[in-house]
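Residue numbers (the working numbering), protein chains in the order written: chain A, 9 to 527; chain B, 679 to 1044. Only one structure is covered here, and it is reproduced in the block below.
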Ligand SMILES: Nc1ncnc2c1ncn2[C@@H]1O[C@H](COP(=O)(O)OP(=O)(O)OP(=O)(O)O)[C@@H](O)[C@H]1O
Ligand SMILES: [Mg+2]
């Protein structure tokens, strides 16, 4: 025993301060429990948190534009779309150089698809341009080589750019040559000393030499000086016109505006798209009536999920009550029936609903036979919202019944008896005493069903037609068909945010400690 | 046992039977009649049908046969909520989602009582159990004893004439139980209500009740005031169930008016009064309370039969001495003597002779 009368810190048996010993013991305990959950934690980290985080990141990520067209986007920075003019020749020169690299790296089609999400037609524009871009600036190549064949010599070029003074004198040429050599080394495994540079390098050389403030070239080979003297008389090429000849869209302000607004590395464009707005040069605006789909889908998803949740409560509550109050043997049998759906494949169940609900299906046959509806006026129960609600209610019902059952099981029958002995009728005893105690089960079941249904995909896909699909079907479409992952990620993020918001609201109104999955 | 047909009866069971499964009778031929204002306790071993009887009275179980009357009216077909019977459950059954005040106000609300009247009655009921300060608490924020008081107040707040309590103090510790026993009896007498009280605990039954009904095997074995039950058990089950008791077995040798002579299995002869033995030669169990056994010859009648006994164990218990003897070949014969200045302290191994007044020794059924 330690002597607590001493004024110093309380010591453990080995003479160390008791607090330190206690902390060490607790730390060891904590470490041990950490080790126990570590495999799961790591598993979840690698298979869930990181991929989902990355996926969500895609909703704002937009590096592809500035990656593929680095100089173009830079040059385009100061362009003002409101003038209604296509960008300057310098921008087109930059586009030529960027496209040349992109085509060699086969990145231009990816960028085309990306920008096509924003303005249709850009994809084919890029593909078309990609096939012709290597001709751009050929006039300059021809004129330089005509002036002096040395300009054709790859070794001369390689030596020229290696000179220490070249960087200051011929900056654009050096940059163009660098992309040329990097690209051919990485893409084709070629040696720059054996390949004549691209036309873009000559184009850059022309730009450098004809620049008003041409630098001092005395330290460079004599050919450069000669060329500088000659460029004044060179035939020039209007690149803007040349591009427009490939496709007139290159003169379209809309295309350039799209490239311009999507130049930054991060964009809110996907999110704006997700709520039916589009990005413009200065802010955003609503899309046309015809193109607005996502807000409607979000609202529909929420309303239908709530309808499904409410149907599940209405259908599941009595069943759960029976389960909790019937004698053991009967209750077990009923429980098996409740769990039965879990043992059949989701697809089989959903397809079964297709058979049941279609116009010539079993249910329609029965109501027609009963004379409730006319034969030529059969109910449309499938390929619409009704179909989705019916099938989803059936599929999600066990998720409502199970938490309800486990909560009801813990409500002792004496409460209802007590209420009755105090003078309450059956209904009052149920409503005032039994029901409030089953509310945590309703809460848990509702959260489960609502969250499951808000992200449900297969069933709406099969039985929902066009009017009964959810936002998740749209997300799946963007993930697997249109490959617009950014938009899919943005839609997914919004869905996640909505669920969290609702969860928060639920916590506020009902209180999350009022949710019980049992016991 | 045969109190049927009593005219002033408030609660009456007449030939009531109950079976849950259609094979076994849980309650067999129950006949009981209680006047208004009586505090009656049902006492009996587990599974003897006490709760079942209470539930039939409250209306949660239906009698398979027979009639239950309340104030002269058959209530067999009246649903529980119309019977107006207050009930206290073993686990209290306070509604966990309501405060104490709301719990108490519930029976008044369902009776469509006005708000001010309700509040007044709730406060008065809380006052009866000294729990006014707890009106705003939830049941889970109360101790077991406090919950019990609230449950009691709730059963009383709508002023029922009959209150049923099923082992209401079963989950409490001894001291609290004693306090509450006292409070419950006091309240019951003050309010003049009729109480049917179920318990396992015989001390509770004896101290609280006007009459005790001892249940066994679905029947009332004896229905009597506590002193009569203790001193004059009608059969050997009651004798053994209530209090401590010494039992000797033998055969009736002779019956003379209100005394008889019994020959024990080892041949010894003792005096007893015949309670339910009628003929010579019948087997019988003789019961003697430990505190009625004398070993001081001077205090016995001169012609009393005595038995030889050997002291096996002497236990000093403060107010009393408890001595275990070997009598008539049995090792569990117990005598109790008061710790008085002149009392002899027996020592193990000592040979003594014991005897008793014939009226303390009852020859019962075998
Ligand atoms: N709902 C029921 N269904 C079938 N049998 C039951 C039911 N309730 C009680 N029984 C049986 O009836 C018999 C009497 O039960 P009861 O609850 O009345 O006993 P009790 O005297 O209250 O016992 P305890 O002192 O243990 O509470 C028991 O054998 C019990 O198994
Ligand atoms: Mg019981």
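Glycine is no exception: its CB is placed at the ideal position from the N, C-alpha and C atoms. Bear in mind the structure is a predicted one, so any value in this text is a computation, not a measurement.
Do the stretch 356-375 of chain A and the stretch 287-296 of chain A touch if we need at least three Cβ pairs shorter than 8 Å? Segments in contact, no.
In chain A, which residues lie less than 8 Å from residue 769 (chain B) when you measure between Cβ atoms? For the purposes of this step, residue 769 (chain B) is taken as the residue at position 91 of the second chain. Correct list: 420 and 422.
Closer than 8 Å to chain A by CB, residue 624 (chain B): For residue 624 (chain B) there is no data in the structure shown, the boundaries of chain B being 679 and 1044.
On the CB-based measure, 16 or more other CB atoms within 10 Å of its CB, does residue 374 (chain A) come out buried or exposed? What you label residue 374 (chain A) is simply residue 366 of the first chain in a count that begins at 1. Residue burial is scored here from C-beta neighbours: residue 374 (chain A) has fewer than 16 other C-beta atoms within 10 angstroms and is therefore classed as exposed.
Just checking residue 878 (chain B) against ligand 1 - is the residue's beta carbon closer than 7 Å to any of the ligand's heavy atoms? Working through the second chain from its first residue, we reach residue 878 (chain B) at position 200. Checking every heavy atom of ligand 1 against the Cβ of residue 878 (chain B), one is found closer than 7 Å.
Buried versus exposed, by CB contacts within 10 Å (16 or more), residue 107 (chain A): Working through the first chain from its first residue, we reach residue 107 (chain A) at position 99. Buried.
Would you report the Cα separation of residue 894 (chain B) and residue 791 (chain B), rounded to the nearest angstrom? For the purposes of this step, residue 894 (chain B) is taken as residue 216 along the second chain, with counting starting at 1. For the purposes of this step, residue 791 (chain B) is taken as residue 113 along the second chain, with counting starting at 1. Taking the straight line joining both Cα atoms gives about 42 Å.
Can you list, in chain order, the residues of its chain with a C-beta nearer than 6 Å to that of residue 701 (chain B)? Leave out the 5 residues immediately preceding and following it. On the second chain, residue 701 (chain B) is found 23 positions in, with the first residue counted as 1. If we look at residue 701 (chain B) and ignore the five residues flanking it on each side, it has no Cβ neighbours.
Between which two residues does the alpha helix (DSSP H) holding residue 180 (chain A) run? As a first step, residue 180 (chain A) must be located in the first chain, where it is residue number 172. It spans 179-191 - the alpha helix (DSSP H) in which residue 180 (chain A) sits, taken as one unbroken run.
Report yes or no: is there a C-beta of chain A within less than 8 Å of the C-beta of residue 765 (chain B)? Numbered from 1 along the second chain, position 87 holds the residue referred to as residue 765 (chain B). Taking Cβ atoms only, chain A reaches closer than 8 Å to residue 765 (chain B), which makes this a yes.
Evaluate residue 61 (chain A) with the Cβ neighbour count: other Cβ atoms within 10 Å of its Cβ, from every protein chain shown; 16 or more gives buried, anything less gives exposed. In the first chain, counting from the first residue as 1, residue 61 (chain A) sits at position 53. With fewer than 16 other Cβ atoms inside 10 Å of its own Cβ, residue 61 (chain A) counts as exposed.
Cβ of residue 767 (chain B) within 8 Å of Cβ of residue 829 (chain B)? On the second chain, position 89 is the one that residue 767 (chain B) refers to. On the second chain, position 151 is the one that residue 829 (chain B) refers to. The beta carbons of residue 767 (chain B) and residue 829 (chain B) sit closer together than 8 Å.
Looking only at its own chain, which residues have a Cβ that is under 6 Å from the Cβ of residue 710 (chain B), when we skip the five neighbours before and after it? Residue mapping note: residue 710 (chain B) aligns to position 32 of the second chain, counting from 1. Counting only Cβ-Cβ distances below 6 Å, and skipping sequence neighbours, we find 691.
Residue 971 (chain B) lies in the beta strand (DSSP E); which residues open and close that run? Along the second chain, read from residue 1 onward, the residue named residue 971 (chain B) stands at position 293. No beta strand (DSSP E) holds residue 971 (chain B); DSSP gives it neither H nor E.
Nearest to residue 928 (chain B) by CA position, among B:998, B:876, B:1007 and B:891, is which residue? For the purposes of this step, residue 928 (chain B) is identified with residue 250 of the second chain, where counting begins at 1. Nearest C-alpha to residue 928 (chain B): B:1007.
Please classify residue 4 (chain A): is it buried, with 16 or more other beta-carbons within 10 angstroms of its beta-carbon, or exposed? No information on residue 4 (chain A) is available, as it lies outside the stretch 9 to 527 that chain A covers here.
Quick one: measure Cβ to Cβ for residue 891 (chain B) and residue 901 (chain B), integer angstroms, because I've assumed they're closer than 8 Å. Residue 891 (chain B) sits at position 213 when you count from the first residue of the second chain. Residue 901 (chain B) sits at position 223 when you count from the first residue of the second chain. Contact flag correct, Cβ pair sits at about 5 Å.
What three-state label does DSSP hand residue 387 (chain A) in the structure shown? Locating residue 387 (chain A) in the first chain gives position 379, counting from the first residue. Of the three classes helix, strand and coil, the one that applies to residue 387 (chain A) here is coil, per DSSP.
With a threshold of 7 Å (Cβ to nearest heavy atom), would residue 845 (chain B) be considered close to ligand 4? Because ligand 4 does not appear in the structure shown, any question about it cannot be addressed here, the ligands present being ligand 1 and ligand 2.
Any C-beta of chain B within less than 8 Å: which residues of the stretch 440-452 of chain A qualify? From the stretch 440-452 of chain A, only 440, 441, 444 and 445 have a Cβ closer than 8 Å to chain B.
Excluding the 5 residues preceding and the 5 following residue 1035 (chain B) in the sequence, name in chain order all residues of the same chain whose CB lies nearer than 6 Å to its CB. By 1-based counting over the second chain, the position of residue 1035 (chain B) is 357. Answer for residue 1035 (chain B): no residue qualifies.
Answer with buried or exposed for residue 381 (chain A), where buried requires no fewer than 16 other C-beta atoms within 10 angstroms of its C-beta. Your numbering for residue 381 (chain A) matches position 373 in the first chain. Exposed is the call here.
Per the DSSP calculation, residue 712 (chain B) is bridged to which residue(s)? Indexing the second chain from 1 puts residue 712 (chain B) at position 34. Beta-bridge pairing links residue 712 (chain B) to B:689.
Looking at chain B, is there any beta carbon in it that lies within less than 8 Å of the beta carbon of residue 334 (chain A)? Within the first chain, residue 334 (chain A) is the residue found at index 326, counting from 1. Judged by the 8 Å Cβ criterion, residue 334 (chain A) is not in contact with chain B.
So, for residue 218 (chain A): in the same chain, excluding its five sequence neighbours on each side, which residues have a beta-carbon less than 6 Å away from its beta-carbon? For the purposes of this step, residue 218 (chain A) is taken as residue 210 along the first chain, with counting starting at 1. Only 239 meet the Cβ criterion.
Listed by chain order, chain B residues near residue 425 (chain A) by CB distance under 9 Å: Here residue 425 (chain A) corresponds to residue number 417 of the first chain, with the count starting at 1. Neighbourhood of residue 425 (chain A) in chain B, by CB distance below 9 Å: 733, 736, 738, 758, 765, 767 and 771, in chain order.
Using the Cα positions of residue 918 (chain B) and residue 880 (chain B), report the straight-line distance between them to the nearest angstrom. Working through the second chain from its first residue, we reach residue 918 (chain B) at position 240. Working through the second chain from its first residue, we reach residue 880 (chain B) at position 202. Looking at the two C-alpha atoms, the distance is approximately 11 Å.
Assuming the contact rule is C-beta atoms closer than 8 Å, residue 146 (chain A) and residue 246 (chain A) should be a hit. Round their C-beta distance to whole Å, please. One-based indexing of the first chain puts residue 146 (chain A) at position 138. One-based indexing of the first chain puts residue 246 (chain A) at position 238. Contact between residue 146 (chain A) and residue 246 (chain A) is ruled out by a C-beta separation of about 14 Å, above the 8 Å threshold.
For residue 109 (chain A), which residues in the same chain have their Cβ closer than 7 Å to its Cβ, ignoring the five residues on either side in sequence? Position 101 of the first chain, counted from the first residue, corresponds to residue 109 (chain A). Result list for residue 109 (chain A): 187 and 191, in chain order.
Could you round the C-beta distance between residue 346 (chain A) and residue 398 (chain A) to whole angstroms and report it? I think they count as a contact, below 8 Å. Taking the first residue of the first chain as 1, we reach residue 346 (chain A) at position 338. Taking the first residue of the first chain as 1, we reach residue 398 (chain A) at position 390. With 8 Å as the limit, residue 346 (chain A) and residue 398 (chain A) do not qualify as a contact, their Cβ atoms being about 18 Å apart.
Do residue 990 (chain B) and residue 1004 (chain B) have their C-beta atoms closer together than 8 Å? Numbered from 1 along the second chain, position 312 holds the residue referred to as residue 990 (chain B). Numbered from 1 along the second chain, position 326 holds the residue referred to as residue 1004 (chain B). Cβ distance < 8 Å, so residue 990 (chain B) and residue 1004 (chain B) count as in contact.
Closest by C-alpha distance to residue 143 (chain A), when choosing among A:226, A:225, A:301 and A:205: Position 135 of the first chain, counted from the start, is the residue given in the question as residue 143 (chain A). Just measuring C-alpha positions, the residue of A:226, A:225, A:301 and A:205 sitting nearest residue 143 (chain A) is A:205.
Can you tell which of B:687, B:736 and B:741 has the C-alpha that lies nearest to the C-alpha of residue 699 (chain B)? Residue numbering aside, residue 699 (chain B) sits at position 21 when the second chain is read from its first letter. When only C-alpha atoms are compared, the closest one is B:741.
In the DSSP assignment, the alpha helix (DSSP H) including residue 65 (chain A) goes from what residue to what residue? Indexing the first chain from 1 puts residue 65 (chain A) at position 57. Start and end: 58-65.
Is residue 401 (chain A) helix, strand or coil when you go by DSSP? As a working mapping, residue 401 (chain A) is identified with position 393 in the first chain. In the structure shown, the three-state DSSP call for residue 401 (chain A) is helix.
Cut-off 7 Å between Cβ atoms - residues of its own chain near residue 729 (chain B), not counting five sequence neighbours on either side: The count along the second chain starts at 1 and reaches residue 729 (chain B) at position 51. Only residues of its own chain outside the window of five on either side were considered, and among them 844 and 876 have a CB closer than 7 Å to the CB of residue 729 (chain B), listed in chain order.
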